[in-house]
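In the UniProt record's numbering, the protein residues as written are 1 to 458.
Note that beta-carbon positions come from the ideal geometry of N, C-alpha and C, so glycine has one too.
Since this is a predicted model, take the numbers as computed values, not measurements.
Remarks on the structure that follows.
Here's what the structure looks like:
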C-alpha cells in the first residue's frame, strides 16, 4: 500500500504455521530489537544540524535471509508437492515468514553482515550502525525491521553504503527519505520536518470526524475523568480510536500525550463521558492536522524539561509525570505517565518525574556518545523543572525525615549530577514545556507549549 492508501503492488508469501512450534525444541529465543522512534527523531535532528544526506532503503523479503540455528521441518506447500515424493518433508535452511524466531534471525544476519563491513554497533540502540573515517566522512544506518534510513555526510558516502547493502541483500532503493513508518519527512531551507497529516486525515475519516468543528485544546482543563461504573460503551471501537491516537502521539504529536495517556486507562470499560473526551481530541487534531515537528538545527545542544501534577488522578490519588527533551529546535523524546507510587507532596511527585527524566537523559547521552558526528566531549544535559524544593533536594547532601524514603531516586539523581550527565535548573511554570504533559491547559498555554516543542504548521 502507498501512503495515500492506493495499491502499490500485489504480493504473495509462503507463511509457515509457526503456532505449531514448541518452545525449547523448534525455537529458543525470539527477541529482535527495533529502532526506538526517539532514536529516529534524534538522528533527524542531528541531520538538520550537520546538514546530512538522508536516503531510505527497504529489504525485500527480509525474513527469508535469516540463518536457522534449530533443525526445523515442514510439510511440502500445497500446490508445490513433488510428484513421487509426496510422503517427504522439507528441511529448512533459511527462516520463513511465520517462524517465531524469524525476526531475531533476520536482525542477527543483518548485524553480522554490516559489522563485518566495518560498521560499529551503537550499544544504546542496537539498530543503529555507523562507519566514519578519520576525516569525519561516513554514514549511519538506522534499521526498523526491514525499513532503514541512511544518514551520510555526502551523497557519495550514502551511495557507497547502498552499494554494499545491495551486494548483500535484495534491496529496494527508495531515494531520498520521504515516508518512514507512516511519518512524512520533508527537508528544505536547512530544516527537517516530520508530520502525519495524511494519517490524521485517514483516521478522522475512519471514525467519522472528517467534517467535525475544530477546537483549540485537546482536553478541557476542568474535566474530571473517572472510571466507568456501568456497562462499556463501544469498547472495541474505543480501543481502536485510542490506538490510532496513540500512534500519532508517539510519533509526532507530544501536544496530545497527556490526554491520550489519560484516556487509554479506560479502554477496558469506556463510558459516554470518555467518548466525549476522545471526540474532543479528534476535533483538536482536525484543527491542527498540518502540525509537525520542525528541526531547524538550532540550538544544537540537548536540553530537557520535567514536571509533575500531584494527585490529579482522583480514583487512586496517583500523580502524573511528564518530561520532554529537545534538540535542534524540536522535541525528540517525551512522555506523560502515571506515577506508580503514591507521593506525599508536590516536591515528591516532582522528584519522581525528575528521576524518570534523568533515566532518559542518561540513555540519550549513551546514544549520542557513540555517534562519531556528535562533538566531543559531550556537554551536560540541562533538565529544567519548576519546583525550587525539588531543585534544592537534588543538590543537597542532607537527609531528613521528610524525604528519606526517596533514597534510591535521590541517589540516582545525585550521581547523574556529580558525573556531569545532567544539571538541574529552575524554570518558571509558564516556561516549563513539560507542564502540558501533566495536565490540561488553557488555549494560549497549549499553543505556547506546542510551539516551544517545535510543533508548527508544515
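Legend entry - Exposed unless 16 or more other CB atoms sit within 10 angstroms - verdict on residue 127: buried
Inset, instruction - Can you check DSSP and say which residues form a bridge with residue 422? - result: 381
Inset, instruction - Tell me whether the beta-carbon of residue 300 lies closer than 9 angstroms to the beta-carbon of residue 328. - result: Contact: yes.
Inset, instruction - Return the residue from the list 123, 164 and 171 that minimises the CA-CA distance to residue 58. - result: 171
Inset, instruction - Alpha carbon to alpha carbon, how far is residue 11 from residue 19? Give it in angstroms, no decimals. - result: 22 angstroms
Legend entry - Rounded Cβ spacing between residue 422 and residue 361 (contact assumed at less than 8 angstroms): 5 angstroms
Inset, instruction - Taking only the alpha-carbon atoms, compute the straight-line gap between residue 259 and residue 321 and give it to the nearest angstrom. - result: 13 angstroms
Inset, instruction - Rank 263, 236 and 245 by C-alpha distance to the C-alpha of residue 227 and give the top, closest one. - result: 263
Legend entry - residue 31 classed as buried or exposed, judged by whether at least 16 other C-beta atoms fall within 10 angstroms: exposed
Inset, instruction - Specify whether the stretch 117-127 and the stretch 365-379 touch according to this definition: at least 3 beta carbon pairs, one from each stretch, less than 8 angstroms apart. - result: yes
Inset, instruction - Would you identify the three-state DSSP class for residue 341, choosing helix, strand or coil? - result: coil
Inset, instruction - Check whether the Cβ atoms of residue 21 and residue 67 sit closer than 9 angstroms, and answer yes or no. - result: no
Legend entry - Nearest candidate by alpha-carbon position, reference residue 355, set 308, 239 and 96: 308
Inset, instruction - Measure the CB-CB distance between residue 373 and residue 132 and report whether it falls below 9 angstroms. - result: yes
Legend entry - Contact the stretch 270-277 vs the stretch 426-435: 3+ CB pairs below 8 angstroms: no
Inset, instruction - Determine the DSSP secondary structure at residue 435, reduced to helix, strand or coil. - result: helix
Inset, instruction - Kindly provide the ranges of any alpha helix (DSSP H) runs that are 4 or more residues long and lie completely inside the stretch 132-177, ordered along the chain. - result: The qualifying runs are 155-168.
Legend entry - Length of the line joining the Cα atoms of residue 98 and residue 136: 42 angstroms
Legend entry - Beta-carbon contacts of residue 78 that lie in its chain and below 8 angstroms, excluding the five residues immediately before and after: none
Inset, instruction - Ignore the nearest five residues each way along the sequence and tell me which others in residue 63's own chain have a CB closer than 6 angstroms to its CB. - result: 95, 97, 102 and 106
Legend entry - Per DSSP, cross-strand counterpart(s) of residue 317: Beta-bridge pairing links residue 317 to no other residue.
Legend entry - Exposure label - residue 339; buried when at least 16 CB within 10 Å: buried
Inset, instruction - Take the Cβ of residue 192 as the centre, count every other Cβ of all protein chains shown within 10 Å, and call the residue buried at 16 or more, exposed below. - result: buried
Inset, instruction - Confirm, please, whether the CB-CB distance from residue 298 to residue 49 is below 9 angstroms. - result: yes
Legend entry - Per-residue DSSP class, three states only, for residue 27: strand
Inset, instruction - Mind reading off the beta-carbon distance from residue 458 to residue 256? Whole number of angstroms is fine, and I expect it under 8 angstroms. - result: Contact annotation, residue 458 with residue 256: C-beta distance approximately 17 angstroms; criterion of less than 8 angstroms not satisfied.
Legend entry - Sequence-distant residues of the same chain with beta carbon closer than 8 angstroms to residue 378, five excluded per side: Taken in chain order, the residues that qualify are 365, 368 and 369.
Inset, instruction - Determine whether the Cβ of residue 243 lies closer than 9 angstroms to any Cβ atom of chain B. - result: Annotation note: the requested chain B is absent from the structure, which comprises a single protein chain.
Legend entry - Cα-Cα separation, residue 296 to residue 45: 8 angstroms
Inset, instruction - State the Cα-Cα distance for the pair residue 280 and residue 113, rounded to the nearest angstrom. - result: 49 angstroms
Inset, instruction - Tell me, to the nearest whole angstrom, how far the beta carbon of residue 324 is from that of residue 453; I am working on the premise that it is less than 8 angstroms. - result: 6 angstroms
Legend entry - Whether residue 382 touches residue 289 by CB criterion (9 angstroms): no
Legend entry - Straight-line gap, residue 420 to residue 203 (C-alpha atoms, nearest Å): 44 angstroms
Inset, instruction - Label residue 167 either buried or exposed according to how many other C-beta atoms from any shown protein chain fall within 10 Å of its C-beta, with 16 as the threshold for buried. - result: exposed
Legend entry - Presumed contact (8 angstroms Cβ cut-off) between residue 253 and residue 291, rounded CB distance: 7 angstroms
Legend entry - Span of the beta strand (DSSP E) around residue 287: Here residue 287 belongs to no beta strand (DSSP E); instead the alpha helix (DSSP H) covers 272-287.
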